[in-house]
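Residue numbers (our numbering), protein chains in the order written: chain A, 1 to 153; chain B, 1001 to 1297. Yeah, the Cβ is synthetic: ideal placement off N, Cα and C, and Gly gets one too. As structure tokens, the structure follows; a few thoughts come after it.
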């Protein structure tokens, strides 16, 4: 448990450092395009920080008792069934989620996912094969995306 | 997770447009004319291949400068089936004669390759049909510069859309030499005339990784969009006609690089988002199949 807390504190510290850095760049840049770029990157780091905080409580979890077993389960990530995932297809203003390699990502604010679609692909589906077919070697793309859960196996 | 990132050494990211921004099409052209005052106008061949002729029509809509200016002051248009006076064999003779001079080749429309190009016959010469494929390869081999004008010529576009019965390909795919891509569906006349002006006065303009002039294709529509602050604040239009960001309705502005928001169309008065319809990414590689659906409800 202690190791976990340390790991997350380290993550949070890194994210705070990068947020401070990008904030400084936004204020100090004269070029408007550059400023927009730094604002975009800043938002990505803030999203990551929020995702990190919401996924993991900073309080050490209570020892398991018959009364709070449920509490433990809640701390695990949301598990999506394929039917649930299909709801989040980006239509009608709904969020757009895609599942790649068992992890569900939120692509609602991704620039390349206008209208919940991406070069002929629709959100609300498992797109592992399509991702590896087109972006193999670029797994870093996935690290930029906010994770909202895992796919039921 | 766990990978060490060194935030102190961010690669110095240069905006490619800041320098090019100083040169508008108008400025380029007046400088070009000064230089041209003492030299011969270059020849230009404009081939209409497997396309809809939308780009030559867009050219005729040019305003700053207009097409008369282009023809009188900038280039000698030696061959174009829409605008030239000669017909038939005589017209094609002019094409063949121009091949022996220094010329710029402009091709609009993709090139049909099925049945050895017979899906698109450009001319008839001494009883023989000349396909677009032949003409493009003949002229492409000898031209000083080749411009692929319009999305079909640059990236395949609508001519090459699924299932592509004519086997249409982009100009670069049928020519083994560098081709400048000037995409758009249709292209904005300023983008073509501006690129030609740069070529005749200064030679090759700075091109991006896809071969498009950075002057016109350096920045995405998203980065210039007047509705950008709505996107940044997460305020989205729920249906067409609302003034907020149309990202959730399928706008392709974030992935399309042109200057539509600032230059605008039809003599600089309007453009899609300004008229409450989302960008469909018409100047992008992958248009139209990869840009669908154009509107998502």
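Thinking C-alpha only, which one of B/1247, B/1206, B/1152 and B/1263 is nearest residue 1288 of chain B? Stepping through the second chain from its first residue, residue 1288 of chain B is reached at position 288. Of B/1247, B/1206, B/1152 and B/1263, the residue nearest in Cα terms is B/1152.
With a threshold of 16 other CB atoms inside 10 Å of the CB of residue 173 of chain A, please say whether the residue is buried or exposed. Nothing can be reported for residue 173 of chain A, as the shown portion of chain A is limited to 1 through 153.
Going by the beta-carbon positions, is the gap between residue 89 of chain A and residue 124 of chain A smaller than 7 Å? Here residue 89 of chain A refers to the residue found at position 89 when the first chain is read from its first residue. Here residue 124 of chain A refers to the residue found at position 124 when the first chain is read from its first residue. In this structure, residue 124 of chain A lies closer than 7 Å to residue 89 of chain A by Cβ.
Neighbour list for residue 36 of chain A in chain B, Cβ cutoff strictly below 7 Å: Taking the first chain and counting its residues from 1, one reaches residue 36 of chain A at position 36. Within 7 Å Cβ-Cβ: 1223.
Give me the residue from B/1253, B/1173, B/1116 and B/1049 with the minimum Cα distance to residue 1082 of chain B. Looking up residue 1082 of chain B in the second chain gives position 82. Among B/1253, B/1173, B/1116 and B/1049, the Cα nearest to that of residue 1082 of chain B belongs to B/1049.
Any chance you could list the beta strand (DSSP E) runs of at least 3 consecutive residues sitting entirely within the stretch 1112-1189 of chain B, in chain order? 1121-1125, 1128-1131, 1145-1149 and 1180-1182
Around the Cβ of residue 1124 of chain B, are there at least 16 other Cβ atoms within 10 angstroms (buried) or fewer (exposed)? Position 124 of the second chain holds residue 1124 of chain B. Exposed: under 16 other Cβ atoms inside 10 Å.
What do you reckon, are the CB atoms on residue 1174 of chain B and residue 1111 of chain B nearer than 7 Å? To locate residue 1174 of chain B, count along the second chain from 1; it is residue 174. To locate residue 1111 of chain B, count along the second chain from 1; it is residue 111. Cβ atoms of residue 1174 of chain B and residue 1111 of chain B: closer than 7 Å.
Using the Cβ count rule (16 or more neighbours within 10 Å means buried), how would you classify residue 1145 of chain B? Reading the second chain from its first residue, position 145 is the one you call residue 1145 of chain B. So residue 1145 of chain B counts as buried.
Compare the C-beta of residue 80 of chain A with all C-beta atoms of chain B and state if any pair is closer than 7 Å. Numbered from 1 along the first chain, position 80 holds the residue referred to as residue 80 of chain A. Judged by the 7 Å Cβ criterion, residue 80 of chain A is not in contact with chain B.
Once you ignore the five residues that flank residue 1130 of chain B on each side, which residues in its own chain have a CB closer than 8 Å to its CB? Working through the second chain from its first residue, we reach residue 1130 of chain B at position 130. Closer than 8 Å at the Cβ level, and outside the excluded window around residue 1130 of chain B, lie 1092, 1121, 1122, 1123 and 1124.
Just to confirm before moving on: does the CB-CB distance between residue 1263 of chain B and residue 1245 of chain B stay below 7 Å? Locating residue 1263 of chain B in the second chain gives position 263, where the first residue counts as 1. Locating residue 1245 of chain B in the second chain gives position 245, where the first residue counts as 1. No, the Cβ-Cβ distance between residue 1263 of chain B and residue 1245 of chain B is not below 7 Å.
So, at 7 Å on beta carbons, what are the nonlocal neighbours of residue 1221 of chain B in its own chain, with the 5 sequence-adjacent residues on each side left out? For the purposes of this step, residue 1221 of chain B is identified with residue 221 of the second chain, where counting begins at 1. Closer than 7 Å at the Cβ level, and outside the excluded window around residue 1221 of chain B, lie 1253, 1256, 1258, 1260, 1261 and 1279.
Check the Cβ-Cβ distances between residue 1255 of chain B and every residue of chain A, and say whether any is below 7 Å. Position 255 of the second chain holds residue 1255 of chain B. At least one chain A Cβ lies under 7 Å of residue 1255 of chain B.
Quick check on this structure: which residue in B/1126, B/1178 and B/1168 has the alpha carbon closest to the alpha carbon of residue 1141 of chain B? Stepping through the second chain from its first residue, residue 1141 of chain B is reached at position 141. Of the listed residues, the one whose Cα sits closest to residue 1141 of chain B is B/1178.
Could you check if residue 1243 of chain B is buried or exposed, using at least 16 other CB atoms within 10 Å of its CB as the buried criterion? Numbered from 1 along the second chain, position 243 holds the residue referred to as residue 1243 of chain B. Residue 1243 of chain B comes out exposed.
For residue 1054 of chain B, I'd like the list of residues in its chain whose CB is within less than 6 Å of its CB, leaving aside the five on either flank, ordered along the chain. On the second chain, residue 1054 of chain B is found 54 positions in, with the first residue counted as 1. Around residue 1054 of chain B: 1186.
DSSP bridge partner residues for residue 118 of chain A (one or two, in chain order): Locating residue 118 of chain A in the first chain gives position 118, where the first residue counts as 1. For residue 118 of chain A, which the question treats as bridged, DSSP gives the partners A/121.
Counting only beta-carbon atoms, is residue 1103 of chain B nearer than 7 Å to chain A? Counting from one through the second chain, the residue named residue 1103 of chain B turns up at place 103. It does not; no Cβ of chain A falls within 7 Å.
Using CA atoms only, rank isn't needed, just tell me which of B/1025, B/1098, B/1099 and B/1170 is closest to residue 1107 of chain B. For the purposes of this step, residue 1107 of chain B is taken as residue 107 along the second chain, with counting starting at 1. With distances taken between Cα atoms, residue 1107 of chain B lies closest to B/1170.
Identify the continuous alpha helix (DSSP H) that holds residue 47 of chain A and give its terminal residues. For the purposes of this step, residue 47 of chain A is taken as residue 47 along the first chain, with counting starting at 1. Residues 32-55.
Secondary structure at residue 1256 of chain B, three-state DSSP: helix, strand or coil? Sequence index remark: in the second chain, residue 1256 of chain B carries index 256 (1-based). Looking at residue 1256 of chain B - three-state DSSP - the assignment turns out to be coil, as it is neither helix nor strand.
If the cut is a Cβ gap below 9 Å, which residues of chain B does residue 137 of chain A touch? Here residue 137 of chain A refers to the residue found at position 137 of the first chain. The premise fails here: residue 137 of chain A is roughly 16 Å from chain B at the closest Cβ pair, so nothing lies under 9 Å.
On the CB-based measure, 16 or more other CB atoms within 10 Å of its CB, does residue 108 of chain A come out buried or exposed? Counting from one through the first chain, the residue named residue 108 of chain A turns up at place 108. By the 10 Å Cβ count, residue 108 of chain A comes out buried.
Under 8 Å between beta-carbons, which chain A residues line up against residue 1297 of chain B? List them in chain order, please. One-based indexing of the second chain puts residue 1297 of chain B at position 297. By Cβ distance, chain A contributes 91 and 92.
Using 8 Å as the Cβ pair cut-off and three pairs as the minimum, do the stretch 1153-1164 of chain B and the stretch 1093-1104 of chain B touch? no
Indicate whether at least one CB of chain B lies closer than 7 Å to the CB of residue 88 of chain A. Indexing the first chain from 1 puts residue 88 of chain A at position 88. Judged by the 7 Å Cβ criterion, residue 88 of chain A is not in contact with chain B.
Taking only the alpha-carbon atoms, compute the straight-line gap between residue 1233 of chain B and residue 1206 of chain B and give it to the nearest angstrom. Taking the second chain and counting its residues from 1, the one referred to as residue 1233 of chain B is at position 233. Taking the second chain and counting its residues from 1, the one referred to as residue 1206 of chain B is at position 206. Their Cα atoms are separated by approximately 34 Å.
Would you tell me roughly how many angstroms separate the C-alpha atoms of residue 1162 of chain B and residue 1028 of chain B, rounded to the nearest one? Counted from its first residue, the second chain places residue 1162 of chain B at position 162. Counted from its first residue, the second chain places residue 1028 of chain B at position 28. Straight-line Cα distance between these residues: approximately 39 Å.
Residues of chain A with CB closer than 7 Å to the CB of residue 1245 of chain B, please, in chain order. Taking the second chain and counting its residues from 1, the one referred to as residue 1245 of chain B is at position 245. Going along chain A, no residue has its Cβ under 7 Å from residue 1245 of chain B, so there is no contact; the nearest lies around 10 Å.
Under a CB-based cut-off of 7 Å, is residue 33 of chain A close to chain B? As a first step, residue 33 of chain A is located in the first chain; it is residue number 33 there, counting from the start. With 7 Å as the cut-off, residue 33 of chain A counts as an interface residue toward chain B.
Buried or exposed (CB count within 10 angstroms, at least 16 for buried), residue 97 of chain A: Position 97 of the first chain holds residue 97 of chain A. It is buried - the Cβ of residue 97 of chain A has at least 16 other Cβ atoms within 10 Å.
What is the DSSP secondary structure of residue 130 of chain A, counted as helix, strand or coil? One-based indexing of the first chain puts residue 130 of chain A at position 130. Residue 130 of chain A falls in the helix class under three-state DSSP.
If you follow the alpha helix (DSSP H) that residue 1097 of chain B is in, where does it begin and where does it stop? One-based indexing of the second chain puts residue 1097 of chain B at position 97. Element bounds for residue 1097 of chain B: 1088-1098.
Assumed close pair residue 1032 of chain B, residue 1190 of chain B - CB separation to whole angstroms, cut-off 8 Å: Mapped onto the second chain, residue 1032 of chain B falls at position 32. Mapped onto the second chain, residue 1190 of chain B falls at position 190. Incorrect: roughly 14 Å between the Cβ atoms, too far for contact.
Check whether the Cβ atoms of residue 1105 of chain B and residue 1117 of chain B sit closer than 7 Å, and answer yes or no. On the second chain, residue 1105 of chain B is found 105 positions in, with the first residue counted as 1. On the second chain, residue 1117 of chain B is found 117 positions in, with the first residue counted as 1. Result no, Cβ atoms of residue 1105 of chain B and residue 1117 of chain B do not sit closer than 7 Å.
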